[in-house]
Amino acid sequence: MDPSAGGDAWTDPKPTAVLVLADGTVLEGQGIGAIGQASGEVCFNTAMTGYQEILTDPSYSGQIITFTFPHIGNVGTNEDDIETINMASASGIRGAVLAAPITDPSNWRASRDLDAWLKARNIVGLTGIDTRALTALIRERGMPNAMIAHNPDGVFDIEALKREAAGIPSMEGVDLVPGVTTAQRFEWDEAGWTFENGYRRIGEGKRRVVAIDYGLKRNILRMLAEQDCHVIVVPATATSEEIMALKPDGVFLSNGPGDPAATGEYAVPVIREVLDRKVPTFGICLGHQLLGLAIGATTKKMHQGHHGANHPVKDFTTGKVEITSMNHGFAVDRETLPGNAEETHISLFDGSNCGIRLTDRPAFSVQYHPEASPGPQDSHYLFKRFADLIDASKA
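Each residue of the sequence shown is one higher than the one before, starting from 1 at the first, in full-length UniProt numbering.
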């Protein structure tokens with residue numbers, strides 16, 4: 001209350017953070033996380049759980065994430081739910097926008113509250129805005145570029161932020177993979193998690209899989225390990241000669257950020273060589289888009305993208321509908337798929353392509369994330385499908 005106003009007037013707290021969209025829209029709230037400012041493309045995510053996995057998913061590099069679920073941060077953070085390969089590294093996410101203030105963590109696994117965790121990872125955040133209104137704006141106008149700024153003193157040069165937001169280049173044509181891929185080759189031996197012991201280690205798997213890291217998530221590698229795969233991770237710039245020298249039984253094309261057409265400049269020739277050698281191949285998200293480009297299809301920028309853990313997808317192979325986790329702003333244009341590509345999955349939200357299978361080579365891919373952690377788990381079967389494809393090819 002403001003005593004000078006007779007005790008009847010309400011004084012809103014002074015804004016300590018702002019989100020300035022490229023069209024000049026200014027949203028004010030309370031700052032969380034790192035102090036400073038950052039630029040990025042604003043998207044919205046509809047998942048009710050898994051905010052730490054979302055905030056460490058390299059596929060979100062270059063983006064500011066608006067969470068539609070209001071209570072983000074209520075279970076804190078821990079060291080197990082991180083998706084970046086290097087647990088100490090940043091994922092490239094530029095900012096986080098929340099509706100409600102962050103509460104104290106209430107979970108036995110929590111080791112740090114979300115605000116401190118955001119600070120440590122240099123992610124600028126904002127709370128206290130109407131995220132429903134921002135989501136509706138994105139749905140109607142598409143994903144805008146924006147500046148997000150946090151200053152505890154509440155002092156901002158709004159006009160300068162507007163100019164900077166207006167000058168942010170489009171995500172189209174941008175290759176963000178170099179900022180998230182591993183710098184060197186390594187082997188992976190971590191598998192499933194248990195309450196008693198956390199993640200377990202496995203021995204030498206019987207299937208030798210080379211995973212090309214365009215922005216890999218840790219749980220993808222765990223799911224491959226669960227299928228008795230010995231996984232070797234290589235950088236996005238690995239050549240086909242380097243990959244084949246590892247004598248793979250199968251090749252995995254990972255998720256990742258940015259415009260697939262830009263990444264495809266160096267990735268597509270490598271994938272084509274792998275396909276020509278008839279090595280069983282499985283792609284997820286960006287890997288799906290790159291497989292599409294490698295066989296001659298094209299990709300396109302989506303209006304609002306798909307981001308969340310509640311997306312229904314139909315699998316034409318089984319006739320079943322599965323609930324999936326998605327995170328992409330580009331999609332394969334089904335109208336450009338060649339004759340040797342069969343569409344296997346579609347989104348039941350907008351009908352966009354969500355999966356393909358090649359009829360003349362042992363390769364398939366999906367647009368969504370079957371490895372989603374904490375879920376849903378409807379699509380785990382795809383990792384067994386890949387293992388079966390490898391076994392059939394070896395036989």
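Every residue, glycine too, gets a C-beta built ideally from N, C-alpha and C.
Buried or exposed for D315, please, with buried defined as at least 16 other CB atoms from any protein chain shown within 10 angstroms of its CB. buried
Where does F364 land, buried or exposed, given buried means 16+ other C-beta within 10 angstroms? buried
Rounded straight-line distance, which links the Cα of Y51 to that of P3: Residue placement at P3 is poorly supported in this model, since its pLDDT is 49, which falls under 50; the coordinates still yield a value, given next. If I take the Cα positions, the gap works out to 40 Å.
Three-state secondary structure (DSSP) of Y51: DSSP places Y51 in helix when its eight states are reduced to three.
Report buried or exposed for P312, applying the criterion of at least 16 other Cβ atoms within 10 angstroms of its Cβ. Looking at its Cβ environment, which holds fewer than 16 other Cβ atoms inside 10 Å, P312 is exposed.
C-alpha gap between A294 and S39, whole angstroms: When rounded, the distance between both Cα atoms is 31 Å.
Return the first residue and the last residue of the alpha helix (DSSP H) that P269 is part of. Taken as a continuous stretch (DSSP letters only), the alpha helix (DSSP H) holding P269 covers 260-276.
Provide the residue span of the alpha helix (DSSP H) that contains D391, from first to last. 381-394
Can you look up N340 in the DSSP assignment and give me helix, strand or coil? coil
For S376, which of helix, strand or coil comes out of DSSP? According to the sequence as given, residue 376 is Pro; it is not Ser. P376: coil per DSSP, three-state reduction.
So T127 packs on P169, CB below 8 Å; how close in whole Å? With a Cβ gap of about 28 Å, T127 and P169 do not count as contacting.
Are the CB atoms of T181 and P260 nearer to each other than 9 Å? no
What residue range does the beta strand (DSSP E) around W193 cover? W193: member of the beta strand (DSSP E) spanning 190-194, first to last residue.
Using a Cβ-Cβ cutoff of less than 7 Å, which residues in the same chain neighbour E342 once the five nearest sequence positions on both sides are dropped? I356, R357, T359
Cβ-Cβ separation, H369 to residue 414 (assumed contact under 8 Å), whole Å: This structure cannot settle anything about residue 414, because the visible part of the chain is limited to 1 through 395.
I'd like to know whether the C-beta atoms of I129 and L19 end up nearer to each other than 9 Å. Yes, the Cβ-Cβ distance between I129 and L19 is below 9 Å.
Over the uninterrupted alpha helix (DSSP H) stretch that includes L286, give me the two end residues. L286: member of the alpha helix (DSSP H) spanning 286-294, first to last residue.
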